[in-house]
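Under this note's numbering, residues 1 to 495 are what the sequence shown spells out, in order.
Backbone N, C-alpha and C define an ideal beta-carbon position, used for all residues, glycine too.
Quick caveat, the model's predicted, so the values are computed rather than measured.
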Amino acid sequence: SARLAPAQTRAPQWLLQRRMEASLDAPLLGAACVEVAPAAAQRQSVRELPDLTERIHRLGLTEEYHAFKDRYLAWRQGEAVGARGEITVERLTRPEHVAANRGFGDWYPTVQEWLWKRTMSYWIAVTFFEGSIFFTLSSFMCNQKEALGDMFEPLTLCGYCAGKVLFIACTYMMCLATVNFSIGHSGSGSKQETADDESVCNSDSVAESIEPDCDTFYLWPYRYGTAIRRLAGAGVGPLPYYTAIVYFTGVLCFTLGLVAEVLPGVPPLIEMMVLNYSFLCGAFLFALGGFTECLQNNTFNSVEMVIGGWAALGNFIGGSCFFVGAVVVFFDSISSCNLYGVGSLIYMVSSSLQIVMWKDEQFGLTFLAVLNNLGKPGRLPGKAGEGDEVQRFSARAALFVHISCLCGAMSTYNFNIELARRVQVSDLRSLQFAFNEMLPCVFAHLMLMLTSAVMRMPKAAPFRQLYFILRLLMIAVTVNSVLTFWEFVSHSIQD
């Protein structure tokens, strides 16, 4: 039986030969020939289809077509996210699909447009972060009036004024970015198309065109009709403008209360009423602005949030702390100041996340989320050739932005303290000290301006060495300003 076991496992030779002949049988060959004819006819019918590329170009939908095509192929290949359905003009031009069907080159058609959006978002994030530093420190020090003594107003009221100026600049730039929001055409249109676009810019209709080409730059932030028309024409929707104008109006409400506090001759009762109720309105608008940012970034709809969702959630929580603090002030002023401090601290973390978003080229930040997640182009739009690669923020550059903002805030506090001494002593030496304390703030903001243009350390000598020395000097100046601020506060508390 042991000898028969191998023979039983091996198939007979005649059976293997019969299987090979069966695999080459005539019916199978005939079936294969039958399949060739429909495939050839199908390819021929595809070749006979008309080429609609020129028509798509005339409609100004080239960018939308290519973006839809890429997403459609991604979906057909099994990826999780992609465009579904058949490509039609209605699908490309439907308002809820217009923004999603655009590519990077359509949002940033020229180098100037890319630089404009990049620069605006940079200064929005920077002023937001630096202003949050002022509000955080001043809010927590509001409960230390007796301990701070003569330094109370320079550390609180003057800090609030500096923070208000930065927040006004931040929210005003947000309004400018939305009121003057524009995108470029994917191709050069005819004169008739240009005339149609100009007529849309001057009319109140939105549905007549997708991308009105409006070259007028507006400075007035409350041009809500223009902002909504331009955003709707780009398929974005009105939420970005609502967010910006709500924040801007909220800052103005806070400023009104601060003016009532600073303005001499105002009766105490009127000052308290204007201060409390204006802060209540401003805090409510800040919470509302954070809520609209959460809607834009799908904070409440997604399980796994990206950095923009966390930053928007931080703004909403910070605004909510402001609102609760504005309500609590009628009963407990100490808890109110602490709530403002906690909210400002959350705003500081959120604005820090927005600086990181800018580093990752998410120039929409939290208020214009449609500009995020467009991908990272290897070259600037409209440029070609070596050396035209897009400069991106490095992690060290983002860190030095934070350091520069901290230096600017600390230096401003030191300047306020020395200036207050100048008012009390009335000598020239105190004025000189105040000027010296202001120099680090000037240097820090010059570094911020340089960083916005030169995002990475140059590689060529001697510019690389000079840039490295500037960074070392920035660290030294920041440490000196922080230590000086600590000395002022600690000595004031001890005295």
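As assigned by DSSP and simplified to three states, the class of THR136:
One-based indexing of the sequence shown puts residue 136 at position 136. Of the three classes helix, strand and coil, the one that applies to THR136 here is helix, per DSSP.
Since PHE291 and PHE322 are thought to touch, with beta carbons under 8 Å apart, how far apart are those beta carbons, to the nearest angstrom?
Numbered from its first residue, the sequence shown carries residue 291 at position 291. Numbered from its first residue, the sequence shown carries residue 322 at position 322. No, PHE291 and PHE322 are not in contact; Cβ-Cβ is about 13 Å, not under 8 Å.
ALA434 versus CYS441: straight-line alpha-carbon distance, rounded:
Sequence index remark: in the sequence shown, residue 434 carries index 434 (1-based). Sequence index remark: in the sequence shown, residue 441 carries index 441 (1-based). Their Cα atoms are separated by approximately 12 Å.
Meets three-Cβ-pair contact criterion under 8 Å: the segment 355-364 and the segment 275-292
no
Rounded straight-line distance, which links the Cα of VAL482 to that of SER344
For this step, residue 344 is matched to residue 344 along the sequence shown. For this step, residue 482 is matched to residue 482 along the sequence shown. Cα to Cα, SER344 sits roughly 19 Å from VAL482.
Measure the CB-CB distance between MET120 and LEU176 and report whether it falls below 8 Å.
Against the sequence shown, residue 120 aligns to sequence position 120. Against the sequence shown, residue 176 aligns to sequence position 176. Going by C-beta atoms, MET120 is nearer than 8 Å to LEU176.
Helix, strand or coil: which one does DSSP assign to GLY235?
Numbered from its first residue, the sequence shown carries residue 235 at position 235. Reduced to three states, the DSSP call for GLY235 is coil.
Check whether the Cβ atoms of SER490 and TYR347 sit closer than 8 Å, and answer yes or no.
For the purposes of this step, residue 490 is taken as the residue at position 490 of the sequence shown. For the purposes of this step, residue 347 is taken as the residue at position 347 of the sequence shown. Not in contact: SER490 and TYR347 (Cβ atoms no closer than 8 Å).
CB of ARG229 within 8 Å of CB of PHE181, strictly:
Position 229 of the sequence shown holds residue 229. Position 181 of the sequence shown holds residue 181. Contact flag unset, no.
Extent of the continuous alpha helix (DSSP H) run through GLN432
For this step, residue 432 is matched to residue 432 along the sequence shown. 428-453 is the span of the alpha helix (DSSP H), which, as asked, contains GLN432.
Going by the C-beta, is GLY289 closer than 7 Å to any heavy atom of the ligand HEM?
As presented, the structure is devoid of all ligands, the ligand HEM included, so that no description of it is given.
State buried or exposed for TRP486, treating a residue as buried only when at least 16 other CB atoms are found within 10 Å of its CB.
Within the sequence shown, numbered from 1, the residue matching residue 486 stands at position 486. Its Cβ having fewer than 16 others within 10 Å, TRP486 is exposed.
With DSSP run on the structure shown, which of helix, strand or coil describes VAL274?
Position 274 of the sequence shown holds residue 274. VAL274 falls in the helix class under three-state DSSP.
Going by the beta-carbon positions, is the gap between PHE400 and THR451 smaller than 8 Å?
Taking the sequence shown and counting its residues from 1, one reaches residue 400 at position 400. Taking the sequence shown and counting its residues from 1, one reaches residue 451 at position 451. It is a contact, given that the beta carbons lie within the stated cut-off.
Three-state secondary structure (DSSP) of GLU261
Along the sequence shown, read from residue 1 onward, the residue named residue 261 stands at position 261. Helix.
Can you tell me which of ARG47, MET305, VAL327 puts its alpha carbon nearest to the alpha carbon of SER278?
As a first step, residue 278 is located in the sequence shown; it is residue number 278 there, counting from the start. Here the closest residue by C-alpha is VAL327.
Contact under 8 Å by Cβ, VAL266 with ALA260:
What you label residue 266 is simply residue 266 of the sequence shown in a count that begins at 1. What you label residue 260 is simply residue 260 of the sequence shown in a count that begins at 1. Yes; because the gap between Cβ atoms is below 8 Å, this pair is in contact.
How many Å lie between MET357 and GLN42 at the Cα?
Taking the first residue of the sequence shown as 1, we reach residue 357 at position 357. Taking the first residue of the sequence shown as 1, we reach residue 42 at position 42. Taking the straight line joining both Cα atoms gives about 49 Å.
Which first and last residues belong to the alpha helix (DSSP H) in which TRP358 is found?
Counting from one through the sequence shown, the residue named residue 358 turns up at place 358. Counting along the chain, the alpha helix (DSSP H) containing TRP358 begins and ends at 333-359.
May I ask which residues mark the beginning and end of the alpha helix (DSSP H) holding TYR160?
Here residue 160 refers to the residue found at position 160 of the sequence shown. Unbroken alpha helix (DSSP H) run through TYR160: 157-179.
Using the C-alpha atoms, what's the distance from SER411 back to GLY378?
As a first step, residue 378 must be located in the sequence shown, where it is residue number 378. As a first step, residue 411 must be located in the sequence shown, where it is residue number 411. In this prediction, GLY378 scores a pLDDT of 46, lower than 50, which makes its location untrustworthy; the coordinate-derived value is nonetheless stated afterwards. Distance between the alpha carbons of GLY378 and SER411: 39 Å.
If you count every other CB in all the chains shown that lies within 10 Å of the CB of LYS117, and 16 or more means buried, which is it?
Locating residue 117 in the sequence shown gives position 117, counting from the first residue. Under this definition LYS117 is a buried residue.
So for PRO50, helix, strand or coil by DSSP?
By 1-based counting over the sequence shown, the position of residue 50 is 50. Correct three-state label for PRO50: coil.
Could you tell me which of ALA476, ARG55, ILE417 sits nearest to MET151, measuring between CA atoms?
For the purposes of this step, residue 151 is taken as residue 151 along the sequence shown, with counting starting at 1. The shortest Cα separation from MET151 among ALA476, ARG55, ILE417 belongs to ILE417.
Assign VAL179 to buried or exposed, taking buried as 16 or more other Cβ atoms, counted over all protein chains shown, within 10 Å of its Cβ.
Residue mapping note: residue 179 aligns to position 179 of the sequence shown, counting from 1. It is buried - the Cβ of VAL179 has at least 16 other Cβ atoms within 10 Å.
Go ahead and pull the three-state DSSP assignment for SER45.
Within the sequence shown, the letter at position 45 stands for residue 45. Here SER45 sits in helix by DSSP.
Do LEU155 and TYR413 come within 8 Å of each other at the CB atom, strictly closer than that value?
Taking the first residue of the sequence shown as position 1, residue 413 is located at position 413. Taking the first residue of the sequence shown as position 1, residue 155 is located at position 155. Going by C-beta atoms, TYR413 is nearer than 8 Å to LEU155.
Beta-carbon proximity of ASN297 to GLY314, cut-off 8 Å:
Within the sequence shown, residue 297 is the residue found at index 297, counting from 1. Within the sequence shown, residue 314 is the residue found at index 314, counting from 1. No, they are not a contact pair.
Best match in VAL306, MET173, CYS337 for proximity to ARG246 [C-alpha to C-alpha]
Position 246 of the sequence shown holds residue 246. The sequence given here has Val at residue 246, not Arg. Ranking the options by Cα distance to VAL246, first place goes to MET173.
Note down, in chain order, each residue of its chain lying with its Cβ closer than 6 Å to the Cβ of ALA395, except the 5 sequence neighbours on either side.
Reading the sequence shown from its first residue, position 395 is the one you call residue 395. Closer than 6 Å at Cβ, skipping near neighbours: no residue.
For CYS337 versus CYS142, is the C-beta distance shorter than 8 Å?
Taking the sequence shown and counting its residues from 1, one reaches residue 337 at position 337. Taking the sequence shown and counting its residues from 1, one reaches residue 142 at position 142. Yes, the pair counts as a contact, with Cβ atoms nearer than the cut-off.
What is the C-beta distance between LEU295 and LEU239, in whole angstroms, given that I count them as a contact (C-beta under 8 Å)?
In the sequence shown, the residue the question calls residue 295 occupies position 295. In the sequence shown, the residue the question calls residue 239 occupies position 239. Confirmed, Cβ separation roughly 6 Å.
Within its chain, find whatever has a CB closer than 6 Å to the CB of MET447; leave out the 5 residues flanking it on each side and keep chain order.
Here residue 447 is taken as the residue at index 447 of the sequence shown, counted from 1. Answer for MET447: SER404, MET474, listed in chain order.
Would you identify the three-state DSSP class for ALA395, choosing helix, strand or coil?
Reading the sequence shown from its first residue, position 395 is the one you call residue 395. In the structure shown, ALA395 sits in a helix (DSSP, three-state: H, G or I).
So is GLU54 buried or exposed if we call it buried at 16+ other beta carbons inside 10 Å?
Along the sequence shown, read from residue 1 onward, the residue named residue 54 stands at position 54. So GLU54 ends up on the exposed side.
Would you mind working out which of VAL306, PRO458, PHE254, PRO268 sits nearest PHE284, comparing C-alpha positions?
By one-based count along the sequence shown, residue 284 stands at place 284. Among VAL306, PRO458, PHE254, PRO268, the Cα nearest to that of PHE284 belongs to PHE254.
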